[in-house]
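Beneath this line is the structure, given in structure tokens, with notes to follow.
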Amino acid sequence: MKDTKIHTDKIVLVGDTIADINTEGSLLGTSSETPTLVISKDVDRTTLGGAALVHRNLNRLKCEHRFITGVNDADSLIKDQLYTNAFMVYTQKKTIIKQRFWCQHHKLLQVDTIDNSPIQKTESHIVETFIDELQPDLLVVSDYRHGFLSDDLIK
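For the sequence shown, our numbering assigns the number 4 to the initial residue and increments by one for each residue that follows.
Put into structure tokens, the structure is as follows:
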């Protein structure tokens, strides 16, 4: 296999993390009140998307880097799944969640919890300070336009 390692001393990845929740079920029938499918809830699978997916891929490629992302302090969905080379800035923003409901390999519905408000200036300052301390050779920006990369941070 070809060596995929990027030969750069300091890589920093910055961006929004998205929680993807996939709920899989089996068809039970239709509702008697409305023409709606009824499924059992068999399993929930949570994976990380957005910049966290880029982070995971860089880790699998054995590419040394640091990842900076925003996490709501009350949310364990993200904190428990990030690798050790992630720096989490605790924000007031809601975690972006995309919940999909599946039945027999067909997506029935997707419900998104979105908070596109920018991070606060104090939170932006924490990110900026951390980037300055790391002095990266390469800054990778993975922006899904959900507010982590605020105007203050971009300046």
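Heads up, the beta-carbon is just placed ideally off N, CA and C, and yes, glycines get one too.
Contact between V92 and V130 is confirmed by a C-beta separation of about 6 Å, below the 8 Å threshold. The three-state secondary structure of I71, taken from DSSP, is strand. With fewer than 16 other CB atoms across the displayed protein chains lying within 10 angstroms of its CB, V41 is exposed. The beta carbon of Q102 sits closer than 6 Å to those of I24 and V114, all from its chain and outside the five residues before and after it, given in chain order. With the rule of 3 Cβ pairs closer than 8 Å, the segment 32 to 48 does not count as touching the segment 60 to 79.
Distance between S29 and T50, taken at the CA atoms: about 21 Å. When only Cα atoms are considered, G53 and N119 end up about 14 Å apart.
In this structure, L31 lies near S43, with their beta-carbon atoms less than 7 Å apart. In the DSSP assignment, F133 falls within the alpha helix (DSSP H) that extends over K124 to L137. In the same chain as I99, and ignoring 5 residues on each side of it, the C-beta atoms closer than 8 Å to its own belong to D19, T20, I21, A22, G53, D115, T116, I117, D118, Y147 and H149, in chain order.
Comparing C-alpha distances from S79 to each of C106, L141 and K97 shows the shortest one belongs to K97.
S153 and I71 have their C-alpha atoms roughly 14 Å apart. Shown here, K44 sits in coil according to DSSP, grouped into three states, outside any helix or strand. For the pair L85 and Q95, the Cα-to-Cα distance works out to about 19 Å.
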